[in-house]
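Student: Pasting a structure below so you can have a look.
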Amino acid sequence: MVQSINEIENGKIKSLFNFLCENVEEKIKTKTGKTSKDREGNEKTDQSIKLKEGILENTSFFTVEKTEIDGRQEISVNKIEIDKTIAKIILSTYKRNFEKTIIKHNYQIIDYDIEYELAKEHKIMTETKDKVHKLNEIITKINDFNGCNQEIDFKKLSFFVIKTDFDGKSAYFFERFENVMKLEKTRLMRLLGKKNEKKFNTVSGDFLYLKYNLPCYLFDDEMFILKKYIFEDIFDYSEKYKKVCKDKENINFISGLDMCSDIKEFTDALDTDNMNVLRKFSKVMQEKEMIKSLFADFNKIKELVKEHNKYSTIVIENDKINIKKSNFQTILKLLNRDHLEHKITKERFESNSKIKD
């Protein structure tokens, strides 16, 4: 673990750590409580990084429930009262997470990308606050919330948020609710053991057993993403991607390419809950000019399909892609240049990451 915040290499990581923590020099005590001294009689001191006291006093805990209405996830916010002891446990867990992983491995900050996979990568994606789907709506409901201690509806509970304020700034840590976090009375009793069972036999209802995996957090108007798919789930990115898939302008663009035998078959294939399909098409729609050049010469498309048909299936009939007979995700891969080397553009990519050499 780092002994001083100044040792942290990444400026953005250091900024959050500086917000949460401070460098502290404390006198080393003996078992009797006296200040320890060296042979010359000088008082021994120890440097460490500790959470700021003001941070603990201004930490709040919110649960967020979702209800689907007309295909959209509507959210409601509850505030759960916590004290400084609980706040210290929560933030200390995040502090250790940063020290043991993010700081230790010197995580690299990269821009958010729809398709880039973060799994097992020592990287953090960032996205500006206003670009994160539904984030402003959630933050507004949290900041405007006045009540507290409302009952949790575990059937609707989606995620929870730890908010902390200090010196005019705020940080928000988002955590997805997992079913293992629901602690029923009977399970609670088993954990406590038989000798304590009588003491808890009047307990009713269920309890929230918190875990802190740090999939994403907001600081300085920027979202930091460590676990991309959990981030997408928290902020309902499937909802966002589905809008891209149904957008008439995007469908007209695909139709104008004259690439497939039946545009309705293409739109039917987009009407799905498959996140891989939704994500890939949304990425494709960010690169329309490239797609136009890709389909300017269909003979080159046929060359590319022939090159890769030994791995997957795209069926071309009468100089058109037959959607029903082809693998739809493979068509999207063709549009999205998901090959180690693209035979038309000659670009080279790292496999599964889409980073140019």
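The working numbering applies: residue 1288 is where the sequence shown begins, and numbers increase by one. The beta-carbon is built from N, C-alpha and C at its ideal position, and this holds for glycine as well.
#1: Out of Thr1317, Ile1342, Glu1327 and Ile1521, state which residue places its alpha-carbon closest to the alpha-carbon of Asp1333.
#2: Can you name the residues that DSSP bridges to Gln1395?
#3: Any contact of the region 1538-1548 with the region 1577-1591, i.e. 3+ C-beta pairs under 8 Å?
#4: Short check: CB of Val1645 to CB of Phe1432, under 7 Å?
#5: Please report the residue range of the beta strand (DSSP E) in which Arg1359 lies.
#6: Between the region 1394-1403 and the region 1557-1565, can you find at least three pairs of beta-carbon atoms closer than 8 Å?
#7: Determine the DSSP secondary structure at Thr1350, reduced to helix, strand or coil.
#8: As a quick exercise: from Phe1304, Thr1388, His1420 and Leu1422, pick the residue whose alpha carbon is nearest that of Lys1407.
#9: Mind checking whether Lys1410 and Asp1508 have CB atoms under 7 Å apart?
#10: Classify Lys1514 as helix, strand or coil using the three-state DSSP reduction.
#11: Determine whether the beta carbon atoms of Ile1342 and Leu1307 lie at a separation below 7 Å.
#12: Once DSSP output is grouped into helix, strand and coil, what is the label at Glu1590?
#13: Taking only three categories from DSSP, how would you classify Ala1458?
#14: Does the beta-carbon distance from Lys1570 to Glu1402 come in below 7 Å?
#15: Quick one: measure Cβ to Cβ for His1420 and Phe1522, integer angstroms, because I've assumed they're closer than 8 Å.
#16: Can you tell me whether Asn1537 is buried or exposed, with buried defined as 16 or more other CB within 10 angstroms of its CB?
Tutor: In short, the structure shows the following:
#1: Thr1317
#2: Lys1410
#3: yes
#4: Because the chain is modelled from 1288 through 1644, residue 1645 falls outside the range shown and cannot be assessed.
#5: Arg1359 to Ile1367
#6: no
#7: strand
#8: Thr1388
#9: no
#10: coil
#11: yes
#12: It is helical.
#13: strand
#14: A contact, by the Cβ cut-off of 7 Å.
#15: 5 Å
#16: Its Cβ being crowded by 16 or more others within 10 Å, Asn1537 is buried.
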